[in-house]
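Have a look at the structure below before the remarks.
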Amino acid sequence: MLSGGIFKKMIIFALPLIASGALQQSFNSVDVAVVGKFDSDQALAAVGSNGMIISLLVNLFIGISVGANVIIANYIGRNNEQGIRRTISTVAILAIISGVILAVAGNIFARPILKWMDTPADVIDLATVYLRIIFSGMPFMMAYNFGAAILRSMGDTRRPFYILIAGGIVNAILDMVLVLIFDMGVAGVATATVIANAVNAFIMVRLLIKESDPFKLDIRSLRIHSAELKKVLAIGLPAGLQGMIFSIANVFIQSAVNSFGSDVVAGNGAALNFEYYCYFVISAFAQAAVAFTSQNYGAGQYDRCRRIFRQSMLLSVSCCAILNIIIFMYRHDMAGIFTNSSEVISYAASRISIVLLFQFIASSYEISGACLRGLGYSMTPTAITIFGTCLFRLLWIYAINPAKNYECLLWVYPISWVITGAIVIAAYIIITRRLFNKPPLSLG
């Protein structure tokens, strides 16, 4: 990350991340497809519409794992092996704590949140079952994600991908077995996902235990180091809060969608799967931007930091736009993967035409925000997101779209992306002009 060409290295770094994200999302997508094809539209709605709630509770801790990525990468740039060891020890305990918190909170708040979101009566019982089982397996998901953050800070995005291949195969096989043979429906696909996450976690922990020093996970010496904890949280909490803010706004949007009935909920949930896949392209280059920027800033290489911003933005926008256009061109066939209902397919196609087609615009704030976090400025993109996305989307729901028109509701996404992106890019330009004339900000 600290020498040579950037463009090719970013692609090599990002491709396994894109594949990893797609595989992790495939756990839910296979769930949606299996119940949509072999169960009912209500089961499809129950599984497909829960992504917003899962994101709401999970994103805070996923953001903290981003903080771990930044701090370890910065220590690598400074050749601080002791700092790397302390951070890995701290992160391991954070993974355990966050997984337990999510398991408890998810089981307690699943049904109250679904009721608050006006989930249709013919969907809510199935949705509650799915959510409670999924959240029971959160300790496994957190173990994998925090472990993957450690590996990615080293520039290793391939082994997390290989681990997810194993989990994806397990999930797909168990989905078919538990639904088609044991007729477990929603409970079956949720159980399959939890078991697959457990496989991912087991392999990740075993790999880190056998890793070479200073990246080795030493179970016997695990403890929280206060200095590293503060640094991880200083970067990770704002990143997690930003993810939660997006999720809060999207939960309100999902609540508005729920008011249109189970067919709209099912179609909307099916289309969301494609948005998640496209978002992983943006997310991969954003993670690359964080890791590359943090290491190079730690080494005082400002010119490379500038090049990282430009090239990661170009890669994210172009790659996501290509994928957006391809899915849009075949939107009805794509939606047909998840359901046989023509009405559900039409609602899915509407969302693809309005939201997914313009998703590449989200690169504007994701990449610039990632570069700011790599420089140690994590709260800035979070604060902008609160005003540029969350508040605007709530205004749109309750003031601009009071007639509750589904298509009009969906336009809030591309418009909010443009507003937020313009402000975050401006913030990046202003901060870097001032920052690159000073000594490097110490993250370690």
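Each residue of the sequence shown is one higher than the last, beginning at 845 in the numbering used here. Using N, Cα and C, we set each Cβ at its ideal position, and we do this for glycine too. Because the structure is a prediction, the values reported are computed rather than measured.
Cβ neighbours of VAL1095 within its own chain (closer than 8 Å, five residues either side excluded): MET896, ILE897, LEU900, ILE957, MET961. Taking 9 Å as the cut-off, the Cβ atoms of SER1208 and ILE1259 do not count as close. If you draw a 10 Å sphere on the C-beta of LYS959, you find fewer than 16 other C-beta atoms in it, and that means exposed. Assigned with DSSP and collapsed to three states, TYR1209 falls in helix. Leaving aside the five residues that flank ALA1271 on each side, the residues in its chain whose CB is nearer than 8 Å to its CB run, in chain order, SER1212, LEU1216, THR1224, PRO1225, ILE1228. Boundaries for LEU846: no alpha helix (DSSP H) harbours it, and the DSSP string shows neither H nor E there. Inter-residue distance for PHE1280 and THR1233 is about 29 Å (C-alpha atoms, whole angstroms).
If you check the CB distance, ALA947 and PRO983 come in under 9 Å. Taking each of TYR1123, GLY1220, ILE1126, ARG922 in turn and checking the Cα distance to GLY1080, the smallest one comes out for GLY1220. Between LEU1051 and ILE1092, the gap from beta carbon to beta carbon reaches 9 Å or more. Annotated three-state conformation of ASP875 is helix, per DSSP. Secondary structure of THR1276 (DSSP, three-state): helix. Annotated three-state conformation of ASN951 is helix, per DSSP. Counting other Cβ atoms within 10 Å of its Cβ, PHE1153 reaches 16 or more and is therefore classed as buried. Only residues of its own chain outside the window of five on either side were considered, and among them ALA987, GLY991, LEU1061 have a CB closer than 8 Å to the CB of VAL1049, listed in chain order. Shown here for VAL1076: same chain residues with a beta carbon closer than 6 Å to its own, the five before and five after excluded, namely GLY911, ALA912, ILE915 in chain order. ILE1230 is the residue among ILE1230, TYR1242, GLN868 whose C-alpha sits nearest the C-alpha of MET1088.
Ranked by Cα distance from PHE871, the first of GLY921, GLY1032, ILE994, ASP1027 is GLY1032. C-alpha of ALA917 to C-alpha of ILE994: approximately 9 Å in a straight line.
Counting the other CB atoms within 10 Å of its CB gives ALA965 a total below 16, which places it among the exposed residues.
In the displayed model, SER909 falls within a helix according to three-state DSSP.
The shortest C-alpha to C-alpha distance from ALA1206 to any of PHE979, TYR1191, LEU1158 is the one to LEU1158. With contacts defined by Cβ atoms closer than 9 Å, ILE977 and VAL1038 form a contacting pair. If you ignore the 5 residues before and after ASP885, its C-beta comes within less than 8 Å of the C-beta of SER1106, ASP1107, ALA1110, THR1183, SER1185, VAL1188, all in its own chain and listed in chain order. Per the coordinates, the alpha-carbon of GLY927 lies some 27 Å from the alpha-carbon of SER864. The beta-carbon distance between ASN1168 and PHE1204, rounded to whole angstroms, is 6 Å. This is short enough to meet the 8 Å contact definition.
Shown here, GLU1251 sits in a helix according to DSSP, grouped into three states. Put simply, of ARG1277, ARG1064, ILE1181, LEU1253 the residue whose alpha carbon is nearest the alpha carbon of ARG929 is ARG1064.
In the DSSP assignment, ALA1036 falls within the unbroken alpha helix (DSSP H) covering 1029-1053.
DSSP places MET998 in no alpha helix (DSSP H); its state is neither H nor E.
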